[in-house]
Each structure stands twice: as C-alpha cells, then as structure tokens.
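Residue numbers (this note's numbering): 41 to 324.
Cβ atoms here follow ideal geometry from the backbone N, Cα and C, with glycine treated the same way.
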C-alpha cells in the first residue's frame, strides 16, 4: 500500500483528507501566546477574524512529527510519498528530510512541491490518481518530479504587508506595496520562492495582469484550473469572469479559501490560480 502525506500548507479540509485517504502533518499558527494546529484547532473563519487585529506567526513541524508517520508506514510494510510545502518558503521539507535520515529512507519518498496551497493540491490530486491505479511509491514520486516544474501559481495581491512581515519577501520587493492602490501580481518561481511579476494600480488591473499571465502559457488540458481566494470572494468572481471571457474553463464554485498556514503570509483580499503548463515539444 502507498500512503500519501501532506502538511497543512496544502490547504485541504479535514473531510477532504479523509475522502482522499491522505495523512497530514499540521503547521502551528501562533497569535501572541496562543498556539493552534492549522486545520485541527483553528478554522479558516476564526483565523481571519483574529487576523483583523493580530499578526500571526507560523512554526514548521518538527522532524519527530514526520518520523511518527514514517515509522508507522515502515512497520506496516507500506510505502509513503510526502508532498510538502516549498523548501524556499518553509523548513518543513528539511524537517522531513531529517526524519527520513533518522528512520531510514527505504520506501519513503519526499517531494519538494516548490509550491504552496492549491499548487500542492495539483500534485497531490495527481498522486492520488496514480495510487488508485496501483502505482508504486517510486513510480508516483518519479511522476510527480516530472510534473512539478509545469505547475504554475499566480495571485493578485491586496497587500504585500503579510509576505514582508512573515519574512517571505524582501523589504525592497515589498516596498512597492506601500501605496494603497498598488496591487501586485506574484508567482512562485522555479525555486518555489515568491516573486513579484507585475505592479498594478487597483485590483481590477492586477486581475487583468494575472489573466494575461495565464494566457501566456499553453495549458495542459488533462488538468483543471484551480482557483483560490483569501476570505473575500468578490475578487475571485471578477477573476473567474475574466478567465471565462478568454475561453478558459474555470468554475467559481471550485474556488478554495486559503487556510491559516498560507493566509498568515498572504492576508485577506487575494485571488489566484494554479494550473499545469503543457509539455514543451521539440521544434524541427
């Protein structure tokens, strides 16, 4: 049997984890002296209410948290594929690597998603399909490593304040967000780090720039477009409408509200998409 493990940076709900047969290591969210396990002790609604008055911090799982899952899989004779938050955004992946060294690596496969939230879900959903087809852990890991560079994530931001305060963006990059009407478009680059790709006056223009970025790719039709938002659904509605105007098949009802792990660094008012770019073909 192949087990699939994620961290809470993948933004799955508890019911989804059960339905898909996933294991999850939660990331810790801290508001002042209070700490919560993402998805276990803190709902999205409660998180965004607290975010109005407090800036949170996040703490990665320890190697011991991963080792528990790894040992359980090995004792049961199972393989395990862990698909984890970008190593450029968090030490979660490194913690899993330390746990793998301690437990022993046979049958345990670690994937640096180089992504976050819905970008991780693209990989996980594909891994679930391969698992259900009877693929081995090694086969799944190899397929995910081939797919990962084609997973793209873009988002229109209401503010860069949270990315800067959380240490995911430099002061120089975040400075463009000091003007209240300046709404950047960000993406996760090849290393899985946050990069600002457009600077727009107002959210409407930011969404137009995001749609233009999507248009610049040839999308793989075997994968859907995954929409996301943070708390406020109005920008999601606008983005989905513009994507549909351009001929993209995207469903507003599939929009995912960002959870505490990612929401702590994004803040409210964001909208975005993840998709899979088509494989490049050689030119004669």
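Limits of the alpha helix (DSSP H) - the one that residue i falls within
i           : result
residue 280 : 274 to 285
residue 84  : 84 to 91
residue 306 : 300 to 306
residue 259 : No alpha helix (DSSP H) contains residue 259, which DSSP labels as neither H nor E.
residue 143 : 132 to 143
residue 203 : 201 to 205
residue 55  : 54 to 60
Residue from the options with nearest C-alpha to residue i
i           : options           : result
residue 305 : 181, 279, 96, 50  : 96
residue 128 : 233, 105, 301     : 233
residue 225 : 258, 172, 310     : 310
residue 283 : 308, 244, 319     : 244
residue 73  : 203, 92, 126, 98  : 98
residue 44  : 106, 202, 197     : 106
residue 290 : 301, 276, 300     : 276
residue 300 : 278, 294, 76, 172 : 76
residue 198 : 68, 86, 270, 237  : 270
Cβ shell of residue i (< 8 Å), same chain only, five flanking positions each side left out
i           : result
residue 161 : 50, 51, 52, 266, 296, 314
residue 175 : 42, 183
residue 170 : 179, 180, 183
residue 255 : 286
Sequence-distant residues of the same chain with beta carbon closer than 6 Å to residue i, five excluded per side
i           : result
residue 190 : 316, 317
residue 312 : 194, 195, 268
residue 138 : 103
residue 71  : 90, 94, 96
residue 158 : 266, 268, 296, 314
Backbone secondary structure at residue i - three-state DSSP
i           : result
residue 324 : Its pLDDT being 39, under 50, residue 324 is placed unreliably in this model, and the value from its coordinates should be taken loosely. DSSP places residue 324 in coil when its eight states are reduced to three.
residue 223 : strand
residue 74  : strand
residue 67  : coil
residue 166 : helix
residue 312 : strand
residue 269 : strand
residue 99  : strand
residue 288 : coil
residue 181 : helix
Terminal residues of the beta strand (DSSP E) in which residue i lies
i           : result
residue 43  : 42 to 47
residue 195 : 191 to 196
residue 239 : 234 to 241
residue 122 : 119 to 124
residue 150 : 148 to 152
Cβ neighbours of residue i in the same chain (closer than 7 Å, five flanking residues each side left out)
i          : result
residue 60 : 168
Flag this pair as touching only if the segment 79 to 91 and the segment 110 to 128 have three or more C-beta atom pairs under 8 Å; answer yes or no. Not touching, per the Cβ criterion.
Check whether the segment 118 to 128 and the segment 142 to 158 touch, using three or more Cβ-Cβ pairs below 8 Å as the test. Contact holds: three or more Cβ-Cβ distances are below 8 Å.
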